[in-house]
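Chains as they are written, first to last, in the numbering used here: chain A, 1 to 319; chain B, 1001 to 1666. We put the CB at the ideal spot given by N, CA and C, even for glycine.
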């Protein structure tokens, strides 16, 4: 098998997936807690998302009369896609037996699959809010997805590979030289992550006004365990984007190969980087205001242009 | 004596011609045509697909048939390129013919037997185009294909709009045919017209460029590249759904076949800027097509514009392949052409699946406009779930087939920094970004199409009486959907077949360039460089989804309560408050405004009966075609002064001509 399958690597990867699935809501809780501290509040505690998930799981799922089987199966598919995305991204180490199955382009495709399914589920009920959310989410998607793809291309051109594991290995082994293209790509990636994860300035995850919602409008009809799975998938998506950003732009500390000592050292390194990243995300959310929905294409168009500029810079300066 | 694949393929075309003759002998016998002739045609198509699969692996074979004129017999040849496109023709038309057998209803347009004749004549002429080995046979079969598809498009000829669409289609098809004829004229270099002779001719670079551009113009008019695309959004909706499916899926591919045949087989060397021209045209076509499909209000026009987008992708792959081949980077050219050929196959399957689904919806609801549909997943589950497979495939979602060709194309882009010309290196990132944008927009379009037609609440009461597709229709849809899944999950096996095609064209193929293939992983260049395994992705998806479901049921519960949807306190919500097709297209209208020509009629505050009207039209029609039409009108008006209507004047013309001829002959 390609890449060299080893039981140590497989068990390491399985551990990484399980840890990611279990700890992703912790990242979300940390971001919310930092945001509360920055607003001078005492905050809900970093474990609040787990309590919310348990509360939702115990409730009945209330499904609208006109819902089709697509509506009921979509949360499971979205959750499955996000776990698959976690399996592809190098979080703790680069020895991932599953990595040859999907490269960076396939990762973008898997995230797009999740977005399409949740948009279709939103259109399934046939209310104005659901279709509004679906339309807005797909609009964000068609602008953000190419930008993300181009950012990943820039990294792939530097590392001569679209496989994320190989990219991380190449980028972490270079000397501490700055690639200007990666600087532009980093800014573009930050803008894309803010849009895709439904963060201020693109979308307010805590809003209760339906006309300002993008992501929340799509899941308005979900309740109980379906909503729990979707919220969990959203926190996994934030985790995936954070790990991709860390892997591409700050890959120091990720274990090369599958040795257990390296993985154990990588865990606190990852926790530290995620904590800092979460705090920076909360900072961005606190100092920015949410944009009008009609400004979002400009924001994402800027991200797209920056990503293309990064690619051009790579072609001009670095080859 | 064993039957050669060429003889078998020609026999299949002859069988289709026989079915056509049987059809015209019984023009009104609907049951006979629908239950006997169309399924027979489907069997012949399946046989043709099997023959083509055998023929791909075998060396080329030629024959001469004494049809045609006394001194100009038809030459036929089957090689891997022809066989690949014959496979597409056979496999797709099998599904479409089975669907058409269940689709025929009395009282729609032309008599069923006559329509059967044109249909099978269309299929036979496409098969013969793919087998033709000289310019004469090629042009005769090409014209037969155009004329028979014209009569199929205008099946419902009592409607003026359909007649107009057919006329536009015929006009542009003939403009293209003239360009193809001139291309063959340039290529043959004063020898005879067989392709064997043409292959021996050495053209100067100038004439080779002229031939390439004429071929691009001629075959591009049939494929639907911008600016020669205006017939596609008119003709595809006007035709009956099985015919639209065939035209979109297979006829556009015969044009692509023609391009490949002329560029890589009949012309010996390629010039790099040909590829850049094709790439640029492909990008413009792809973006134009997808942006326009996002704003359509008619199901079939949306799919027709989406076909234009996919033709754009195919041209992009073609352009990249020509550029790489011009720089002698044959391994990378093989990658680009593999992506292009794979996309031809994929598009044939998923576009025909979607057109057939719209046909089923049209029959069930009598509605083509997206504003009157909705909620059909409850009434037509078979059509809805199979159309979901098609919609996800077009959107390029893993692990279906659309994603594989998109993945291969993007991988080909990632290699272009190895090109020697530095300005090309900088052009290519922009091109890759445009391809990514078009692919993302196609996902938007498919969410719109599927969501408005099949999901939500029905927008009209009569939709409650919609019935699902019949057995034959279901078989056709399942055949095509199974193809979408199979080609997505088994790309290595499909590429093994495509390798037989790219090998003779370029001298190398993808497997030779990589040096190692693995049955499970698609790793076109190097496993460390890029690899993708759709089987593992699909298994991963299924495993994780199933684990999530099982864990939730095990640790918690599966209780469900039904309730009305959230109405935010407004008690009078109805189905009209969902998004319309126009509403769903509004973000694209806003973001891509320069692409459209929009005419708005806005009410003033003083209107007693206010109307709000927006028409979104194509700039190309107003900037290109209407001025040409006006010019032709003016020129013909100038010439009409010759037509006096008095016989004495015409006798004077004859006398004058006689005098001039006598003077010249003396």
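- Here residue 1237 (chain B) is buried: its Cβ has 16 or more other Cβ atoms, across all protein chains shown, within 10 Å.
- With 16 or more other CB atoms across the displayed protein chains lying within 10 angstroms of its CB, residue 34 (chain A) is buried.
- Secondary structure of residue 1600 (chain B) (DSSP, three-state): strand.
- Exposed is the label assigned to residue 40 (chain A), since fewer than 16 other Cβ atoms lie within 10 Å of its Cβ.
- By the neighbour-count criterion, in which a residue is buried when 16 or more other Cβ atoms sit within 10 angstroms of its Cβ, residue 1106 (chain B) is exposed.
- In the DSSP assignment, residue 61 (chain A) falls within the beta strand (DSSP E) that extends over 61-64.
- By the Cβ test, the stretch 1072-1084 of chain B is not in contact with the stretch 1113-1123 of chain B, since fewer than three Cβ pairs between them sit closer than 8 Å.
- Here DSSP, grouped into helix, strand and coil, assigns residue 1073 (chain B) to strand.
- By alpha-carbon distance to residue 147 (chain A), the top candidate from B:1607, B:1436, B:1446 and B:1586 is B:1436.
- For residue 1323 (chain B), the uninterrupted alpha helix (DSSP H) run begins and ends at 1299-1326, by DSSP.
- By the neighbour-count criterion, in which 16 or more other beta carbons inside 10 Å mark a residue as buried, residue 1633 (chain B) falls on the exposed side.
- In the three-state scheme derived from DSSP, where H, G and I count as helix and E and B as strand, residue 17 (chain A) is classed as helix.
- Restricting attention to beta strand (DSSP E) runs no shorter than 3 residues, the stretch 1530-1574 of chain B encloses them at 1560-1563, ordered along the chain.
- Within the stretch 151-169 of chain A, those residues whose Cβ lies closer than 8 Å to any Cβ of chain B are, in chain order, 153, 156, 157, 160, 161, 162, 163 and 166.
- Per DSSP, the beta bridge partners of residue 255 (chain A) are A:93.
- Counting only residues of its own chain and dropping the five nearest sequence neighbours on each side, residue 1101 (chain B) has a CB closer than 6 Å to the CB of 1034, 1038, 1039 and 1472.
- At a cut-off of 8 Å between C-beta atoms, residue 196 (chain A) does not count as an interface residue with respect to chain B.
- Between residue 263 (chain A) and residue 80 (chain A), the C-beta spacing is not below 8 Å.
- In this model, residue 1549 (chain B) and residue 76 (chain A) are separated by some 7 Å (Cα to Cα).
- Using beta-carbon distances, residue 315 (chain A) counts as an interface residue toward chain B, with a partner under 8 Å.
- Contact annotation for residue 1340 (chain B) against chain A: no contact, minimum CB-CB distance about 17 Å [criterion: below 9 Å].
- Short of 7 Å from the beta carbon of residue 159 (chain A), and not among the five residues preceding or following it, lie these beta carbons of its own chain, in chain order: 166, 167, 170 and 171.
- Remark: three or more beta-carbon pairs, one from each stretch, lie closer than 8 Å, so the stretch 1423-1443 of chain B and the stretch 135-151 of chain A are flagged as touching.
- The contact set of residue 68 (chain A) on chain B, defined by CB atoms closer than 9 Å, consists of 1375, 1377, 1378, 1381, 1384, 1454 and 1455 in chain order.
- If you check the CB distance, residue 1215 (chain B) and residue 1203 (chain B) do not come in under 8 Å.
- Among the residues facing chain B, residue 222 (chain A) is not included, as its CB has no counterpart in that chain under 8 Å away.
- Between residue 1450 (chain B) and residue 1393 (chain B), the C-beta gap is not smaller than 8 Å, which leaves the two residues out of contact.
- Residue environment analysis places residue 1524 (chain B) among the buried positions, since at least 16 neighbouring C-beta atoms fall within 10 angstroms of its C-beta.
- In the DSSP assignment, residue 1061 (chain B) forms a beta bridge with B:1078.
- For residue 1613 (chain B), the uninterrupted beta strand (DSSP E) run begins and ends at 1613-1618, by DSSP.
- Pairing residue 1510 (chain B) with residue 1325 (chain B) gives a Cβ-Cβ distance that is not under 8 Å.
- The beta carbon of residue 1007 (chain B) sits closer than 8 Å to those of 1063, all from its chain and outside the five residues before and after it, given in chain order.
- Under the Cβ distance rule, residue 95 (chain A) does not count among the residues neighbouring chain B, no pair being separated by less than 8 Å.
- DSSP places residue 1194 (chain B) in the strand class (E or B) of the three-state scheme.
- Contacts with chain A (Cβ-Cβ distance below 7 Å) from the stretch 1534-1553 of chain B involve 1536, 1537, 1540, 1541, 1544, 1545, 1548, 1549 and 1552, listed in chain order.
- Residue state for residue 1215 (chain B) is assigned as helix, using DSSP reduced to three classes.
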